[in-house]
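Here's the structure we're looking at; comments come further down.
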Amino acid sequence: MKISSATSVGKVRPVNEDAFFVSPPDESGSLLAIVADGMGGHNAGEVASSEAINVIKDVVLDHEHNAKEMLIEAINSANSTVYNMSLDKQSLFGMGTTITACVIDKDKVTAAQVGDSRLYLIRDGMIIQITKDHSLVEMLIENGSITKEDAKHHPQKNVITRAIGTDKEVSADIYEFSICAGDILLLCSDGLVNMVEDEKILSVITRSKKFEETADKLIDAAETAGGSDNITVILIKF
Numbered sequence: 000m001k002i003s004s005a006t007s008v009g010k011v012r013p014v015n016e017d018a019f020f021v022s023p024p025d026e027s028g029s030l031l032a033i034v035a036d037g038m039g040g041h042n043a044g045e046v047a048s049s050e051a052i053n054v055i056k057d058v059v060l061d062h063e064h065n066a067k068e069m070l071i072e073a074i075n076s077a078n079s080t081v082y083n084m085s086l087d088k089q090s091l092f093g094m095g096t097t098i099t100a101c102v103i104d105k106d107k108v109t110a111a112q113v114g115d116s117r118l119y120l121i122r123d124g125m126i127i128q129i130t131k132d133h134s135l136v137e138m139l140i141e142n143g144s145i146t147k148e149d150a151k152h153h154p155q156k157n158v159i160t161r162a163i164g165t166d167k168e169v170s171a172d173i174y175e176f177s178i179c180a181g182d183i184l185l186l187c188s189d190g191l192v193n194m195v196e197d198e199k200i201l202s203v204i205t206r207s208k209k210f211e212e213t214a215d216k217l218i219d220a221a222e223t224a225g226g227s228d229n230i231t232v233i234l235i236k237f
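In numbering that gives the first Met the number 0, the protein residues as written are 0 to 237.
So, in structure tokens, the structure goes:
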């Protein structure tokens, strides 16, 4: 197993409100990976993303339960923590964060997602989006109001419909699938996918000669395209 990860403030934003975590693989190859994209005034988004990751990390790594149950418990705990913090301190009011987290246990991936940070699977020369964005444009695509091409340039493409910490309760989407030798998982914030098309992402990954440098190359591609948001990338190769 190989891991490549990186984050960048991008070219426009003054603060990096993204956060990420990857645990070292244990002897069986199990690990936890998380990407969070915070939102909120001042530095509240930065607080939301880092706090959510800390809670999820503590819940998942400190327990040996079913991966799905662990992730659901962790998401609920993170939501309560961020939500209560936003109520307790005026400067943090309204903060929230996306979360895409996955537990890898041997040949099985269990992922939980809230918001529009994504999980992709790269297999046999193809890139497959596993998660579905909790966003306004995704809703408009589903009801036929706009096309996927329209969504790329929609003025409200950054509006998300679900986040950690913005409501008292939250529901995460859960994904479970098997992985094979040669597969690559990509977890990323929308700062990557809003700047770089999926096929370009695939090209950068497959053409990279040193896997450990691939996350930096994807960030370079996003910054070259404008870097209008924070960018975070985790790649895991099996």
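Every residue, glycine too, gets a C-beta built ideally from N, C-alpha and C.
Candidates the options: which alpha carbon is nearest residue i's?
| i | options | result |
| --- | --- | --- |
| residue 36 | 10, 29 and 20 | 20 |
| residue 234 | 118, 176, 105 and 111 | 118 |
| residue 13 | 23, 45 and 0 | 45 |
| residue 132 | 145, 211 and 112 | 112 |
| residue 175 | 97, 121 and 130 | 130 |
| residue 42 | 231, 33 and 18 | 18 |
| residue 229 | 3, 34, 208 and 22 | 34 |
| residue 47 | 25, 15 and 186 | 15 |
| residue 172 | 127, 163 and 179 | 163 |
| residue 2 | 208, 183 and 201 | 183 |
| residue 195 | 187, 212, 96 and 224 | 224 |
| residue 156 | 139, 59, 170 and 165 | 139 |
| residue 95 | 137, 159 and 143 | 159 |
| residue 25 | 205, 9 and 0 | 0 |
| residue 231 | 115, 64, 89 and 90 | 115 |
From the DSSP output, read off the bridge partner residues of residue i.
| i | result |
| --- | --- |
| residue 103 | 30 and 108 |
| residue 92 | In the DSSP output, where bridge partners are listed per residue, residue 92 has none listed. |
| residue 36 | 17 |
| residue 6 | 231 |
Could you please give the first and the last residue of the uninterrupted alpha helix (DSSP H) stretch that includes residue i?
| i | result |
| --- | --- |
| residue 46 | 43-60 |
| residue 138 | 135-141 |
| residue 69 | 66-87 |
Mind checking which residues open and close the beta strand (DSSP E) that includes residue i?
| i | result |
| --- | --- |
| residue 10 | Note, residue 10: premise wrong, no beta strand (DSSP E); not H, not E. |
| residue 236 | 230-236 |
| residue 125 | 125-128 |
| residue 17 | 17-21 |
| residue 121 | 117-122 |
Identify, in the order they occur along the chain, each residue of the same chain with its Cβ nearer than 6 Å to the Cβ of residue i, setting aside the five sequence neighbours on each side.
| i | result |
| --- | --- |
| residue 244 | Because the chain spans 0 through 237 in this model, residue 244 falls outside it and cannot be assessed. |
| residue 168 | none |
| residue 52 | 18, 20, 33 and 35 |
| residue 227 | 11 |
Near residue i, what residues of its chain come up, given a Cβ to Cβ distance below 8 Å and the 5 sequence neighbours on each side ignored?
| i | result |
| --- | --- |
| residue 105 | 27, 28 and 29 |
What does a CB cutoff of less than 7 Å around residue i pick up in its chain, not counting 5 residues either side in sequence?
| i | result |
| --- | --- |
| residue 66 | 102, 104 and 109 |
| residue 62 | 69 |
| residue 58 | 69, 72, 73 and 76 |
Problem set entry | Whole runs of the alpha helix (DSSP H) within the region 148-220, excluding any shorter than 4 residues | Correct list: 189-192 and 197-206.
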